[in-house]
Amino acid sequence: MQTKTVLFIEGDGIGREVWAAGRPVLDAAVAKAYGDFRKLDWQEILAGKKAFDATGDYLPEATMTALKNCDLAMKGPLETPVGGGFRSLNVTLRQVLDLYACIRPIRYFKGIESPVKRPDLVNMVVFRENTEDVYAGIEYKSGSTEARKLVAFLRDELGANVDDTAGVGVKPMTPNGCKRLVRKALRFALDDKRPSVTLAHKGNIMKFTEGAFRAWGYEVAAEEFADSVMTEDEAKNGGKKPVIIKDRICDALFQQVLMFPEQYHVIASPNLNGDYLSDALAAQVGGLGLAPGVNMSDDIAFFEPTHGTAPTIAGKDLANPGSLVLSGAMLLEHVGWGEAAALIHAAMEKVISGKRVTVDLAGQIDGSTQVGCKEFGELLGQAL
Ligand code: NAI
1 MQTKTVLFIE GDGIGREVWA AGRPVLDAAV AKAYGDFRKL DWQEILAGKK
51 AFDATGDYLP EATMTALKNC DLAMKGPLET PVGGGFRSLN VTLRQVLDLY
101 ACIRPIRYFK GIESPVKRPD LVNMVVFREN TEDVYAGIEY KSGSTEARKL
151 VAFLRDELGA NVDDTAGVGV KPMTPNGCKR LVRKALRFAL DDKRPSVTLA
201 HKGNIMKFTE GAFRAWGYEV AAEEFADSVM TEDEAKNGGK KPVIIKDRIC
251 DALFQQVLMF PEQYHVIASP NLNGDYLSDA LAAQVGGLGL APGVNMSDDI
301 AFFEPTHGTA PTIAGKDLAN PGSLVLSGAM LLEHVGWGEA AALIHAAMEK
351 VISGKRVTVD LAGQIDGSTQ VGCKEFGELL GQAL
């Protein structure tokens, strides 16, 4: 028997119900694909409100220690209480574990209504840098002592033309930060047999950050993947390698993915572009509520549905467990259990085509019948 241990955090709000509906689907898919030969070994760790109630701490030390020593984990959504002094648990996890790549696959499920004519042509994976760029959070309020100091320095020492009253943000991007993200995207494209990686940047305007991202991306490809990755020019000149690396200015890329989605397979992007692109692409396939994701370092793959705790529907059996189930399917693909992941994707398509769906999808599918979170999970299990 081959087992994979997955640490899991139930999460707040709808976390408990989407796990209760979704986890049996994951276990059933593994059982269907591999019988008794393979099994997921789920081990709960505490974070969020459940941790606070049990230990008096929202993110106990034991949880962090366990995460630092594991390679697979999965979490439900964690609430960020509004108000002073509370650092987002999600941000803390990302920073402490150095989860530098946020990876979101976007594909279409037949039956969902999409705003575009050919959503079926969308099949992309976005690799978004998770630690630098605007996520570094270096920002100073207009009129503050810090902003005034920085503006004075920029003007007096560096000759920049900045108004005294400006609020100021700093957008740091490093060779190491950009290269490790592009490296991961290229590695994935090769392993998953995706024909291209596109660097999405705004380098025409921000030459030394976004433009540098582009340059460092091409550098990684040339220095580390010369045998398997070629540029568009090399391809035009008859080159034959499994993956093409190309780049697009981000605003143009937004048009391209709408008009020619079949030409884009993996997108590697700095933080802010990736944020916009992944949500826009998810909307393009009508699947914002179904979007799965993973945050990765070099040591750990930490899967999570991309939605939040949905407090207004929590505890009402209304939540869609689909994003959690699809995040689990990503985990299965990640560990090489692709057959089980394929069963899940097929089941999702079957259930959605059958038009018995949770409230969020019911609004998007004509003639559908609304079912609860629990029942949707059961339907997925039956469709495997
Ligand atoms: P949200 O994703 O919780 O809700 C946005 C809208 O989508 C709401 O109308 C909600 O009812 C609906 N929705 C979300 N997930 C759904 C599901 N599975 N099924 C059906 N409908 C669903 O985002 P919001 O309201 O901005 O955030 C609520 C809380 O969640 C905040 O405390 C926020 O910090 C936290 N959050 C946590 C995340 C994480 O742990 N990764 C990600 C996003 C938000």
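Residue numbering for the sequence shown is 1 to 384, as defined by the UniProt record's numbering. Note that CB positions come from ideal geometry on N, CA and C, so glycine has one too.
- Less than 8 Å separating the beta-carbons of T92 and L59? Locating residue 92 in the sequence shown gives position 92, counting from the first residue. Locating residue 59 in the sequence shown gives position 59, counting from the first residue. Yes, the Cβ-Cβ distance between T92 and L59 is below 8 Å.
- ligand 1 heavy atoms versus the CB of S278: any closer than 7 Å? As a first step, residue 278 must be located in the sequence shown, where it is residue number 278. Answer for S278: no, Cβ out of range of ligand 1.
- Query: Per DSSP, V162 forms a beta bridge with which residues?
  - Reply: To locate residue 162, count along the sequence shown from 1; it is residue 162. Per DSSP, none; premise fails for V162.
- CB contact flag (L154, Y140, <8 Å): Here residue 154 corresponds to residue number 154 of the sequence shown, with the count starting at 1. Here residue 140 corresponds to residue number 140 of the sequence shown, with the count starting at 1. Taking 8 Å as the Cβ cut-off, L154 and Y140 do not qualify as a contacting pair.
- Task: For P311, verify whether its CB is less than 7 Å away from any heavy atom of ligand 1.
- Result: To locate residue 311, count along the sequence shown from 1; it is residue 311. Result yes, Cβ under 7 Å from ligand 1.
- Message: Once DSSP output is grouped into helix, strand and coil, what is the label at R38?
- Response: As a working mapping, residue 38 is identified with position 38 in the sequence shown. In this structure, R38 counts as strand in the three-state DSSP scheme.
- Can you tell me whether E113 is buried or exposed, with buried defined as 16 or more other CB within 10 angstroms of its CB? Start at 1 with the first residue of the sequence shown, and residue 113 comes out as number 113. E113 is exposed by the Cβ-count criterion.
- Query: Where does S88 sit, in a helix, a strand or coil, going by DSSP?
  - Reply: As a position in the sequence shown, residue 88 is number 88, starting the count at 1. The answer is coil: DSSP assigns S88 none of H, G, I, E or B.
- Message: Does the distance between the C-beta of I14 and the nearest non-hydrogen atom of ligand 1 fall short of 7 Å?
- Response: Locating residue 14 in the sequence shown gives position 14, where the first residue counts as 1. Checking the Cβ of I14 against ligand 1 gives yes.
- Bridge partners - R104, DSSP secondary structure assignment: As a working note, residue 104 is residue 104 in the sequence shown. In DSSP, R104 forms a bridge with V126.
- Item | P119 - containing alpha helix (DSSP H), residue span | To locate residue 119, count along the sequence shown from 1; it is residue 119. Neither: P119 is in no alpha helix (DSSP H) and is coded neither H nor E.
- Message: Within the continuous alpha helix (DSSP H) that includes M206, where are the two ends?
- Response: As a position in the sequence shown, residue 206 is number 206, starting the count at 1. Premise fails: M206 is in no alpha helix (DSSP H) and is neither H nor E.
- Message: Between G289 and S327, how many whole angstroms is the CB-CB distance? I'm expecting something under 8 Å.
- Response: Locating residue 289 in the sequence shown gives position 289, counting from the first residue. Locating residue 327 in the sequence shown gives position 327, counting from the first residue. In fact, because the Cβ distance is near 13 Å, the residues do not count as touching under 8 Å.
- Collapsed DSSP secondary structure at residue 388 in the structure displayed: With the chain covering only 1 through 384, there is no way to say anything about residue 388.
- Count the C-beta pairs between the segment 159-170 and the segment 211-222 that are closer than 8 Å, then say yes if the count reaches three, no if not. no
- Starting from I352, follow the alpha helix (DSSP H) in both directions and report where the run begins and ends. Stepping through the sequence shown from its first residue, residue 352 is reached at position 352. That run of the alpha helix (DSSP H) goes 338-353.
- Query: How big is the Cα-Cα spacing for D227 and N271?
  - Reply: As a position in the sequence shown, residue 227 is number 227, starting the count at 1. As a position in the sequence shown, residue 271 is number 271, starting the count at 1. Their Cα atoms are separated by approximately 29 Å.
- Query: Are the beta-carbon atoms of A329 and A341 separated by less than 8 Å?
  - Reply: Numbered from 1 along the sequence shown, position 329 holds the residue referred to as residue 329. Numbered from 1 along the sequence shown, position 341 holds the residue referred to as residue 341. Yes, these two residues count as a Cβ contact at 8 Å.
- Candidates A152, A33, A283: closest to W337 by CA position: As a working mapping, residue 337 is identified with position 337 in the sequence shown. Checking every option, the nearest Cα to that of W337 belongs to A33.
- Residues of its chain near G203, where Cβ-Cβ distance is below 6 Å and the 5 sequence neighbours each way are ignored: Taking the first residue of the sequence shown as position 1, residue 203 is located at position 203. Here the set comprises E210, G211, R214.
- What is the DSSP secondary structure of E132, reduced to helix, strand or coil? Taking the first residue of the sequence shown as position 1, residue 132 is located at position 132. Reduced to three states, the DSSP call for E132 is coil.
- Query: Are the beta-carbon atoms of L253 and V126 separated by less than 8 Å?
  - Reply: Taking the first residue of the sequence shown as 1, we reach residue 253 at position 253. Taking the first residue of the sequence shown as 1, we reach residue 126 at position 126. No, these two residues do not count as a Cβ contact at 8 Å.
- Message: Does the segment 366-376 come into contact with the segment 344-355, if we say contact requires no fewer than three beta-carbon pairs (one atom in each stretch) closer than 8 Å?
- Response: yes
- Message: Buried or exposed for E61, going by 16 or more other Cβ atoms inside 10 Å?
- Response: Residue numbering aside, residue 61 sits at position 61 when the sequence shown is read from its first letter. By the neighbour-count rule (16 or more Cβ atoms within 10 Å), E61 is not buried but exposed.
- Message: If I measure Cβ to Cβ from K350 and keep anything under 7 Å in the same chain, skipping five residues before and after, which residues do I get?
- Response: Against the sequence shown, residue 350 aligns to sequence position 350. Answer for K350: A383, listed in chain order.
- Query: Just to confirm, are I138 and V122 a CB contact at a threshold of 8 Å?
  - Reply: Counting from one through the sequence shown, the residue named residue 138 turns up at place 138. Counting from one through the sequence shown, the residue named residue 122 turns up at place 122. The answer is no: Cβ separation not under 8 Å.
- Query: For ligand 1, any of its heavy atoms closer than 7 Å to the Cβ of V18?
  - Reply: Sequence index remark: in the sequence shown, residue 18 carries index 18 (1-based). V18: yes, Cβ under 7 Å from ligand 1.
- If you draw a straight line from the C-alpha of A147 to the C-alpha of K171, how long is it? Numbered from its first residue, the sequence shown carries residue 147 at position 147. Numbered from its first residue, the sequence shown carries residue 171 at position 171. Computed Cα separation, rounded: 15 Å.
- Query: Does the beta carbon of D323 fall short of 7 Å from some heavy atom of ligand 1?
  - Reply: Walking along the sequence shown from the start, residue 323 turns up at place 323. This sequence places Ser at residue 323; Asp is not what is there. Checking the Cβ of S323 against ligand 1 gives yes.
- Task: Report the three-state DSSP secondary structure of R356 (helix, strand or coil).
- Result: Indexing the sequence shown from 1 puts residue 356 at position 356. Strand, per DSSP.
- Which residues share a DSSP beta bridge with P77? Numbered from its first residue, the sequence shown carries residue 77 at position 77. Its beta-bridge partners do not exist; DSSP assigns none.
- Message: Between L78 and ligand 1, is there a pair consisting of the residue's CB and a ligand heavy atom that are separated by less than 7 Å?
- Response: As a working note, residue 78 is residue 78 in the sequence shown. Yes, since a heavy atom of ligand 1 falls inside the 7 Å radius drawn around the Cβ of L78.
- Message: Could you tell me the alpha carbon to alpha carbon distance between V18 and P175, rounded to whole angstroms?
- Response: Translated into positions along the sequence shown, residue 18 becomes position 18. Translated into positions along the sequence shown, residue 175 becomes position 175. So the alpha carbons of these two residues sit roughly 39 Å apart.
- If you drop the 5 nearest sequence neighbours on each side, which residues of the same chain put their C-beta closer than 7 Å to that of residue 420? In the structure as shown, the chain starts at 1 and stops at 384, and residue 420 therefore has no counterpart that could be examined.
- Message: Considering only DSSP beta bridges, list what I45 is partnered with.
- Response: Residue 45 sits at position 45 when you count from the first residue of the sequence shown. Bridge partners of I45: none, in fact.
- Task: May I ask you to check if the CB of E304 is nearer than 7 Å to at least one heavy atom of ligand 1?
- Result: One-based indexing of the sequence shown puts residue 304 at position 304. Correct: E304 has its Cβ closer than 7 Å to ligand 1.
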